[in-house]
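A quick write-up on the structure given underneath.
Number of protein chains: 4
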Amino acid sequence: MALADPQDTARRRAPRVDAIRNREAIVEAAAEVLAEQGTAVDVREIARRGGVGMGTLYRHFPKKEDLVRTVLHQDFTRWADSARRAAADAEDPWAALTDFYEQALAGYARHRAIMENFELTWAEPDLDGIRQLRLVIDELCARAGAAGLLRPGVTTDDLLLLLVSLGHAVRITDDCRPRMWTRLLHISLDGLRPDHRGPLPDGTAPVGRTPEAPESPPSH
Amino acid sequence: MALADPQDTARRRAPRVDAIRNREAIVEAAAEVLAEQGTAVDVREIARRGGVGMGTLYRHFPKKEDLVRTVLHQDFTRWADSARRAAADAEDPWAALTDFYEQALAGYARHRAIMENFELTWAEPDLDGIRQLRLVIDELCARAGAAGLLRPGVTTDDLLLLLVSLGHAVRITDDCRPRMWTRLLHISLDGLRPDHRGPLPDGTAPVGRTPEAPESPPSH
Amino acid sequence: MALADPQDTARRRAPRVDAIRNREAIVEAAAEVLAEQGTAVDVREIARRGGVGMGTLYRHFPKKEDLVRTVLHQDFTRWADSARRAAADAEDPWAALTDFYEQALAGYARHRAIMENFELTWAEPDLDGIRQLRLVIDELCARAGAAGLLRPGVTTDDLLLLLVSLGHAVRITDDCRPRMWTRLLHISLDGLRPDHRGPLPDGTAPVGRTPEAPESPPSH
Amino acid sequence: MALADPQDTARRRAPRVDAIRNREAIVEAAAEVLAEQGTAVDVREIARRGGVGMGTLYRHFPKKEDLVRTVLHQDFTRWADSARRAAADAEDPWAALTDFYEQALAGYARHRAIMENFELTWAEPDLDGIRQLRLVIDELCARAGAAGLLRPGVTTDDLLLLLVSLGHAVRITDDCRPRMWTRLLHISLDGLRPDHRGPLPDGTAPVGRTPEAPESPPSH
DNA sequence: CATGAATGAGGTTTCATTCAT
DNA sequence: TATGAATGAAACCTCATTCAT
Numbered sequence: 019m020a021l022a023d024p025q026d027t028a029r030r031r032a033p034r035v036d037a038i039r040n041r042e043a044i045v046e047a048a049a050e051v052l053a054e055q056g057t058a059v060d061v062r063e064i065a066r067r068g069g070v071g072m073g074t075l076y077r078h079f080p081k082k083e084d085l086v087r088t089v090l091h092q093d094f095t096r097w098a099d100s101a102r103r104a105a106a107d108a109e110d111p112w113a114a115l116t117d118f119y120e121q122a123l124a125g126y127a128r129h130r131a132i133m134e135n136f137e138l139t140w141a142e143p144d145l146d147g148i149r150q151l152r153l154v155i156d157e158l159c160a161r162a163g164a165a166g167l168l169r170p171g172v173t174t175d176d177l178l179l180l181l182v183s184l185g186h187a188v189r190i191t192d193d194c195r196p197r198m199w200t201r202l203l204h205i206s207l208d209g210l211r212p213d214h215r216g217p218l219p220d221g222t223a224p225v226g227r228t229p230e231a232p233e234s235p236p237s238h
Numbered sequence: 019m020a021l022a023d024p025q026d027t028a029r030r031r032a033p034r035v036d037a038i039r040n041r042e043a044i045v046e047a048a049a050e051v052l053a054e055q056g057t058a059v060d061v062r063e064i065a066r067r068g069g070v071g072m073g074t075l076y077r078h079f080p081k082k083e084d085l086v087r088t089v090l091h092q093d094f095t096r097w098a099d100s101a102r103r104a105a106a107d108a109e110d111p112w113a114a115l116t117d118f119y120e121q122a123l124a125g126y127a128r129h130r131a132i133m134e135n136f137e138l139t140w141a142e143p144d145l146d147g148i149r150q151l152r153l154v155i156d157e158l159c160a161r162a163g164a165a166g167l168l169r170p171g172v173t174t175d176d177l178l179l180l181l182v183s184l185g186h187a188v189r190i191t192d193d194c195r196p197r198m199w200t201r202l203l204h205i206s207l208d209g210l211r212p213d214h215r216g217p218l219p220d221g222t223a224p225v226g227r228t229p230e231a232p233e234s235p236p237s238h
Numbered sequence: 019m020a021l022a023d024p025q026d027t028a029r030r031r032a033p034r035v036d037a038i039r040n041r042e043a044i045v046e047a048a049a050e051v052l053a054e055q056g057t058a059v060d061v062r063e064i065a066r067r068g069g070v071g072m073g074t075l076y077r078h079f080p081k082k083e084d085l086v087r088t089v090l091h092q093d094f095t096r097w098a099d100s101a102r103r104a105a106a107d108a109e110d111p112w113a114a115l116t117d118f119y120e121q122a123l124a125g126y127a128r129h130r131a132i133m134e135n136f137e138l139t140w141a142e143p144d145l146d147g148i149r150q151l152r153l154v155i156d157e158l159c160a161r162a163g164a165a166g167l168l169r170p171g172v173t174t175d176d177l178l179l180l181l182v183s184l185g186h187a188v189r190i191t192d193d194c195r196p197r198m199w200t201r202l203l204h205i206s207l208d209g210l211r212p213d214h215r216g217p218l219p220d221g222t223a224p225v226g227r228t229p230e231a232p233e234s235p236p237s238h
Numbered sequence: 019m020a021l022a023d024p025q026d027t028a029r030r031r032a033p034r035v036d037a038i039r040n041r042e043a044i045v046e047a048a049a050e051v052l053a054e055q056g057t058a059v060d061v062r063e064i065a066r067r068g069g070v071g072m073g074t075l076y077r078h079f080p081k082k083e084d085l086v087r088t089v090l091h092q093d094f095t096r097w098a099d100s101a102r103r104a105a106a107d108a109e110d111p112w113a114a115l116t117d118f119y120e121q122a123l124a125g126y127a128r129h130r131a132i133m134e135n136f137e138l139t140w141a142e143p144d145l146d147g148i149r150q151l152r153l154v155i156d157e158l159c160a161r162a163g164a165a166g167l168l169r170p171g172v173t174t175d176d177l178l179l180l181l182v183s184l185g186h187a188v189r190i191t192d193d194c195r196p197r198m199w200t201r202l203l204h205i206s207l208d209g210l211r212p213d214h215r216g217p218l219p220d221g222t223a224p225v226g227r228t229p230e231a232p233e234s235p236p237s238h
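Keeping their order, the protein sequence lines are chains A, B, C and D.
So in my numbering, spot 47 of the first sequence is number 65, and the numbers just go up one at a time.
So in my numbering, spot 44 of the second sequence is number 62, and the numbers just go up one at a time.
So in my numbering, spot 190 of the third sequence is number 208, and the numbers just go up one at a time.
So in my numbering, spot 8 of the fourth sequence is number 26, and the numbers just go up one at a time.
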């Protein structure tokens with residue numbers, strides 16, 4: 019049995035060695051290109067970089083979106099995994115949280131496709147890869163909250179939105195002012211500290227002072 | 019010279035007047051469309067709404083980007099103007115600052131093209147319209163700082179980046195969770211308060227705890 | 019007024035001269051190609067024969083189907099018109115009917131796209147061009163029936179189906195046995211003569227002798 | 019020879035037996051799919067339903083057309099056989115003929131590929147399967163003719179073309195007006211009756227009244 | 001000078017056929 | 001020998017930009 023198995027699987031798997039290599043090459047190439055250029059890339063560019071023909075690509079991923087989803091799922095998952103590990107290593111819940119942001123922003127904020135699709139978190143909340151990341155944040159939030167290190171009322175959604183928001187900041191400043199975003203992160207994290215006991219708005223009322231004549235956007 | 023010119027053009031009244039009207043119609047239509055749909059919009063849609071032909075549009079703006087820049091310049095300028103007025107009306111420097119954010123985010127964050135192109139603030143810092151907005155923020159920053167209402171070390175750039183960053187948050191949550199962003203604004207503004215005396219990073223060193231193995235993004 | 023009009027229209031129409039010429043060239047090329055090859059043709063072939071670029075074609079006809087419909091409408095209409103004229107010229111109702119079939123089959127049965135789309139007569143009965151043709155047949159049917167020259171119970175639908183059916187016969191024999199179909203037409207028309215008083219089935223019951231074990235098609 | 023061969027292959031059992039089984043599986047699957055969807059079907063669908071790989075399929079049938087021909091040959095043959103049997107059972111020559119049409123149209127007219135390729139009867143007259151069907155019709159024709167039940171001059175080709183022609187009628191009406199075609203069959207069969215003594219055209223001259231200006235098709 | 005028609009490269013997807021395993 | 005992955009030429013359609021009128 020133990021002997022037969024390798025052969026048996028070999029028989030079945032023989033043709034697949036190439037396919038698997040190709041699939042991986044495609045996914046890898048796509049991950050590269052999607053990170054660099056976002057989801058608007060030409061599928062041919064992916065095929066070219068993966069060293070495969072269009073047909074091969076479309077055999078593995080019948081629609082461009084399938085490929086994009088696969089890559090995003092993979093990258094989100096990797097991200098979530100490494101974040102989980104880092105959280106486990108952290109000294110205290112607050113350090114876990116700050117490390118998470120630092121590493122997320124230093125690492126994944128350049129991934130155009132990830133950042134592009136992060137916004138779907140609210141519009142289409144169950145994109146599978148994002149869910150995993152949300153779980154990580156959920157836990158970070160709970161731990162810091164339980165330890166009394168987090169401003170009361172802060173939710174996972176708040177932390178997630180902060181992440182996306184800062185991710186955008188990273189992307190737009192990264193070329194010219196490489197770590198300028200760390201200042202913003204610092205500020206935001208301080209705003210999350212528990213010594214701010216002022217209640218957060220419920221997401222329905224305006225913040226700060228209500229403007230009497232809420233300056234409207236250009237009339238167009 | 020200064021005398022002859024107006025007369026000369028006045029004599030052939032039609033061209034200049036029409037041209038100006040057309041130019042304005044184009045810019046107005048473009049402002050509308052760019053606010054709604056962002057820079058990816060079809061140029062023909064702009065020409066159609068402006069009631070002019072493609073040729074006219076391209077005579078005034080040889081490249082799509084020229085038109086986009088013009089519109090953004092205008093809209094940034096208008097924004098800066100209204101923000102300046104609002105700042106003058108505010109009771110105190112802190113209220114001026116919070117009002118500015120609230121109104122900016124409630125109003126201009128829906129302007130797709132503005133938000134899309136805000137990122138050029140750092141990549142291409144002299145987009146003229148943005149400079150004006152920056153001046154307004156500069157003043158808000160200075161006033162709040164002088165009144166001791168702002169955390170030490172906060173710069174105009176920080177406030178600008180916060181604006182862009184929150185603008186992104188608005189855009190991605192606006193459809194599903196209309197005012198969720200107010201919570202993030204609250205948090206960030208609290209982080210800007212002067213009771214946070216911890217120094218901000220200089221934009222070169224990592225924030226929080228230095229990660230020993232700064233988890234890198236996917237190797238691509 | 020009479021003077022102004024030409025100028026006025028000229029002002030508006032000037033640019034269109036080309037467009038109209040192109041549109042006509044496209045339709046003409048499409049008519050050719052569709053007649054020859056049916057609706058499966060490559061759009062580029064049409065553009066090439068029309069001497070225009072793809073963009074021009076798609077400006078006039080945003081979808082391939084729009085172009086196909088336009089051509090079919092035009093060709094069906096022409097057909098219906100000429101058939102109406104021919105019917106008016108015919109000596110008697112029977113001659114009108116036989117002439118119609120003869121001419122239809124000699125002329126339009128080679129038009130692949132027309133024949134392809136004829137089958138939609140029942141599936142999608144209101145394709146506009148076909149309706150006109152149906153009216154012609156309706157009249158032929160009524161006249162012949164009123165003159166007692168047509169077998170009782172024959173309907174427009176019967177005549178239309180006969181036309182499509184024989185059209186198919188024409189297409190498949192045309193290359194090798196050019197006018198073989200005339201024999202079938204002869205036979206069918208004789209079957210339509212009023213001396214056949216046997217009632218036609220109502221389109222629900224089997225014809226001839228009911229097969230005890232109605233030989234089924236291959237079990238697949 | 020007859021003895022050695024089976025033994026020889028039996029010794030290396032796998033190749034021949036498998037090959038035959040595969041070939042049959044392919045043909046069967048193809049018959050199914052071709053009947054359902056016509057010749058435009060994707061080859062992979064056939065391989066999938068047959069449970070074989072593309073390579074196997076292409077080993078047996080180097081071109082898609084080879085497979086199509088094989089299937090059509092088989093299906094035509096089966097059809098011819100069952101038709102022959104039915105003809106033998108029929109009470110009289112006329113019943114044999116009408117039964118043949120009724121059954122053919124009720125059964126095989128839904129076989130998309132058969133109907134599609136029936137047209138090759140004249141273009142490529144020696145497709146072997148069709149020849150067999152032709153023989154059946156030949157006999158039906160001869161028997162009915164000999165019994166004086168058929169209009170003089172009617173040929174096997176006429177009957178064959180009628181079959182194809184009505185088959186087309188079946189296909190295009192089957193979905194919406196399931197048995198409408200029986201009326202057309204009735205009419206055509208009546209036109210074949212011997213009381214129509216009018217000579218049939220020889221397939222070269224126009225039928226009915228000669229149109230003075232034989233309305234030509236669109237000038238293309 | 002205004003018009004809007006024309007251009008054609010470029011994007012995604014399908015499928016008959018070949019070829020490495 | 002069987003497998004099914006790989007190939008790549010089309011096919012349809014869009015849109016920034018140019019050019020004849």
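For each residue, glycine too, the CB sits at the ideal point set by N, CA and C.
Reference residue i, options the options, closest by Cα
i, options, result
"C:Ile-190", "D:Thr-74, D:Ala-187 and D:Glu-137", "D:Glu-137"
"D:Glu-54", "D:Ala-131, D:Leu-179, D:Thr-88 and D:Phe-94", "D:Ala-131"
"A:Arg-215", "B:Arg-195, B:Asp-208 and B:Glu-142", "B:Asp-208"
Residues near residue i in its chain [Cβ-Cβ closer than 8 Å; skip 5 each side]
i, result
"C:Val-35", "none"
"D:Asn-40", "Gly-68, Val-70, Thr-74 and His-78"
"C:Val-182", "Met-133, Phe-136, Glu-137 and Thr-139"
Where the alpha helix (DSSP H) containing residue i begins and where it ends
i, result
"C:Ala-165", "No alpha helix (DSSP H) holds C:Ala-165; DSSP gives it neither H nor E."
"B:Ala-104", "82-107"
"A:Asp-117", "111-125"
"D:Gly-73", "72-78"
Sequence-distant residues of its chain with Cβ nearer than 6 Å to residue i (five each side left out)
i, result
"D:Gly-68", "Ala-43, Ile-44 and Ala-47"
"C:Leu-177", "Ile-155 and Cys-159"
"C:Ala-101", "Phe-118 and Val-154"
"D:His-129", "Ala-53"
"D:Ala-165", "Pro-111"
Same chain, Cβ closer than 7 Å to residue i, five either side skipped, listed in chain order
i, result
"C:Met-198", "Thr-191"
"D:Leu-210", "Leu-168, Arg-169 and Val-172"
"A:Pro-217", "Gly-171"
"D:Leu-202", "Leu-184 and Ala-187"
"D:Leu-180", "Ser-206"
Residue i in three-state terms, based on DSSP
i, result
"C:Arg-195", "coil"
"A:Thr-173", "coil"
"C:Ala-58", "coil"
"D:Phe-136", "helix"
"C:Glu-50", "helix"
"C:Asp-23", "In this prediction, C:Asp-23 scores a pLDDT of 41, lower than 50, which makes its location untrustworthy; the coordinate-derived value is nonetheless stated afterwards. Helix, per DSSP."
"D:Ala-223", "Unreliable placement is indicated for D:Ala-223, whose pLDDT of 47 sits below 50; no coordinate value is reported for it."
"B:Leu-180", "helix"
"D:His-186", "helix"
"C:Glu-207", "Sequence inspection shows Leu at residue 207 of chain C; the Glu mentioned does not correspond to that position. The answer is helix: DSSP assigns C:Leu-207 an H, G or I state."
heavy atom of the ligand GTP below 8 Å from residue i C-beta
i, result
"D:Leu-181", "For the ligand GTP, the structure offers nothing, since it holds no ligand at all."
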